[in-house]
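Trainee: In the working numbering, the protein residues as written are 642 to 1032.
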């Protein structure tokens, strides 16, 4: 920015110097015109002096005219006096009035003719002199006005040129001072920039060394992280092998492993669980001798051991599934697994409700057929009758 400012200032100085040279040239061009105006003013003054001399020469004619007028006035007075003497004679009748009138008329005409002649010549002379003087005076006045106007314009223009020259010179001085300051500022900024560049190079070198050191440390950390991640994966795998995770949340209903350190065989059932919020299903062991009459969908009457049916009644249900193969138990012998769905998950008594829980034991009575009481009572008799016995 400082270099650009210096270049701009130098350009301004060159422009100002060019303007100064132009103003000086214009000033030199105006000086001859100013001299011509001075010469015209001198010539005009000479013409004015000549007219003044001409007026001085006319003044004697004016005095002569005044003297002639005085003489005529004296003659008029003499004629008046003569007429005054003739009037008594006319009154007495010694002279005729016509004679007196003619004499007076002739005197008046004579006097008037002389006066007109003298005054006419003098007036014409004065008029011609005045006209000549006025013409010269008008021409000289017009020239003077034109020349004075040109002189005023030239002087004003010359003053403007000189003022502009002074302004340009002052601007050059001021700009040169600013240029000196800007050059000093450029030197200072260059020195400061060099110092900052040296500091920046040193800082950059230190940063590069620090980066190299950090990269080495980062590689070491990455190596440790990879090693730790491997160990963590192995530990997670070992930890995962120590636990069994159910596929869903629920409650364990049966646990087949009870002792610490007990060995589990592949495919062995470790525990049984009931999923949360799942409908309750009663798992029933159906003896083999009764399995032939049981089908899915048959109604079931369930009696929970925790809730005596005499007080809480029985809960209806139905057979939903029967295992395809039989299992053997030392106590029960051969049996089938039957799942019974329960119509409700609670029992009521005495205006109280108890929720059924997974793992509770119960007995189920599967209704394979319905008989009337009479059939039940008569069934033994029918059996006897079939055996050939009579009552």
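Note that CB positions come from ideal geometry on N, CA and C, so glycine has one too.
1. Would you check if the segment 1000-1009 and the segment 931-950 touch, i.e. whether three or more CB-CB distances between them fall below 8 Å?
2. Using 8 Å for Cβ pairs, my map puts residue 958 next to residue 984. What's the rounded Cβ distance?
3. Within 10 Å of its beta-carbon, does residue 880 have 16 or more other beta-carbons around it, so buried, or fewer, so exposed?
4. Can you tell me the Cα-Cα spacing of residue 854 and residue 861, whole angstroms?
5. Might you give, ordered along the chain, the residues of its own chain that have their beta carbon closer than 6 Å to the beta carbon of residue 891, omitting 5 neighbours on each side?
6. Taking just the CA atoms, how far does residue 691 sit from residue 726?
7. Any idea if residue 956 is buried or exposed, counting beta-carbon neighbours within 10 angstroms, 16 or more meaning buried?
8. Helix, strand or coil, according to DSSP, for residue 994 in the structure here?
9. Specify the secondary structure class of residue 970 as computed by DSSP and reduced to three states.
10. For the segment 896-908 and the segment 922-931, state whether three or more C-beta atom pairs, one from each stretch, are separated by less than 8 Å.
11. Buried or exposed for residue 884, please, with buried defined as at least 16 other CB atoms from any protein chain shown within 10 angstroms of its CB.
12. In whole angstroms, what is the alpha-carbon distance linking residue 841 and residue 807?
13. Checking 8 Å against the spacing of the C-beta atoms, do residue 911 and residue 905 come in under that value?
14. Among 922, 930, 716 and 953, whose alpha-carbon lies nearest the alpha-carbon of residue 1048?
15. Taking the alpha helix (DSSP H) that residue 951 belongs to, which residues open and close that run?
16. Can you name, in chain order, every residue of its own chain whose Cβ lies under 7 Å from the Cβ of residue 719, other than the five neighbours on each side?
17. Please say whether residue 979 and residue 943 have beta carbons closer to each other than 8 Å?
18. Whose C-alpha, out of 973, 989 and 908, is nearest the C-alpha of residue 947?
19. Can you give me the C-alpha to C-alpha distance between residue 1001 and residue 962, rounded to a whole angstrom?
20. Using the beta-carbon count (16 or more within 10 Å), is residue 997 buried or exposed?
21. Measure the C-alpha to C-alpha separation of residue 994 and residue 895 and round it to an integer number of angstroms.
22. Expressed to the nearest angstrom, what Euclidean distance is found between the alpha-carbon atoms of residue 968 and residue 960?
23. Can you give me the start and stop residues for the beta strand (DSSP E) that residue 926 sits inside?
24. Any idea what DSSP makes of residue 883, helix, strand or coil?
25. Residue 715: buried (16+ other C-beta within 10 angstroms of its C-beta) or exposed?
26. So, with DSSP's three-state summary, where would you put residue 985?
27. If I measure Cβ to Cβ from residue 1031 and keep anything under 6 Å in the same chain, skipping five residues before and after, which residues do I get?
Mentor: From the atom records:
1. yes
2. Within the chain shown, numbered from 1, the residue matching residue 958 stands at position 317. Within the chain shown, numbered from 1, the residue matching residue 984 stands at position 343. Rounded, the Cβ-Cβ distance is 6 Å, consistent with contact.
3. On the chain shown, position 239 is the one that residue 880 refers to. With fewer than 16 other Cβ atoms within 10 Å, it is exposed.
4. Your numbering for residue 854 matches position 213 in the chain shown. Your numbering for residue 861 matches position 220 in the chain shown. Cα to Cα, residue 854 sits roughly 11 Å from residue 861.
5. The sequence position of residue 891 within the chain shown is 250, counting from 1. Sequence-distant partners of residue 891 (beyond 5 residues in either direction) whose C-beta falls short of 6 Å from its own C-beta, in its chain, are 914, 915, 916 and 917.
6. Numbered from its first residue, the chain shown carries residue 726 at position 85. Numbered from its first residue, the chain shown carries residue 691 at position 50. Their backbone Cα atoms lie some 54 Å apart in a straight line.
7. Walking along the chain shown from the start, residue 956 turns up at place 315. When all chains shown are included, residue 956 counts as buried.
8. Taking the chain shown and counting its residues from 1, one reaches residue 994 at position 353. Three-state result, residue 994: strand.
9. Counted from its first residue, the chain shown places residue 970 at position 329. In this structure, residue 970 counts as strand in the three-state DSSP scheme.
10. These segments do not touch.
11. On the chain shown, residue 884 is found 243 positions in, with the first residue counted as 1. With fewer than 16 other Cβ atoms within 10 Å, it is exposed.
12. To locate residue 841, count along the chain shown from 1; it is residue 200. To locate residue 807, count along the chain shown from 1; it is residue 166. The alpha-carbon of residue 841 is positioned some 49 Å away from that of residue 807.
13. To locate residue 911, count along the chain shown from 1; it is residue 270. To locate residue 905, count along the chain shown from 1; it is residue 264. Yes, they are a contact pair.
14. Outside the displayed span of the chain (642 to 1032) sits residue 1048, for which this structure offers no information.
15. Looking up residue 951 in the chain shown gives position 310. Start and end: 950-953.
16. By 1-based counting over the chain shown, the position of residue 719 is 78. Non-local beta-carbon contacts of residue 719 in its own chain, meaning distances under 7 Å to residues more than five positions away in sequence, are absent.
17. Stepping through the chain shown from its first residue, residue 943 is reached at position 302. Stepping through the chain shown from its first residue, residue 979 is reached at position 338. No.
18. Taking the first residue of the chain shown as position 1, residue 947 is located at position 306. Closest option to residue 947, Cα to Cα, is 989.
19. Here residue 1001 corresponds to residue number 360 of the chain shown, with the count starting at 1. Here residue 962 corresponds to residue number 321 of the chain shown, with the count starting at 1. If I take the Cα positions, the gap works out to 20 Å.
20. Counting from one through the chain shown, the residue named residue 997 turns up at place 356. Its Cβ being crowded by 16 or more others within 10 Å, residue 997 is buried.
21. Residue numbering aside, residue 994 sits at position 353 when the chain shown is read from its first letter. Residue numbering aside, residue 895 sits at position 254 when the chain shown is read from its first letter. If I take the Cα positions, the gap works out to 26 Å.
22. Stepping through the chain shown from its first residue, residue 968 is reached at position 327. Stepping through the chain shown from its first residue, residue 960 is reached at position 319. Each residue's Cα considered, the two are about 19 Å apart.
23. Within the chain shown, residue 926 is the residue found at index 285, counting from 1. Residue 926 -> beta strand (DSSP E) spans 922-928.
24. The residue given as residue 883 occupies position 242 in the chain shown. Three-state DSSP puts residue 883 in coil, outside helix and strand.
25. For the purposes of this step, residue 715 is identified with residue 74 of the chain shown, where counting begins at 1. Exposed, by the Cβ-count rule.
26. On the chain shown, position 344 is the one that residue 985 refers to. The answer is coil: DSSP assigns residue 985 none of H, G, I, E or B.
27. Sequence index remark: in the chain shown, residue 1031 carries index 390 (1-based). Residue confidence is low: residue 1031 scores 46 on pLDDT, short of 50, so the model does not pin down where it sits. No coordinate-derived value is stated.
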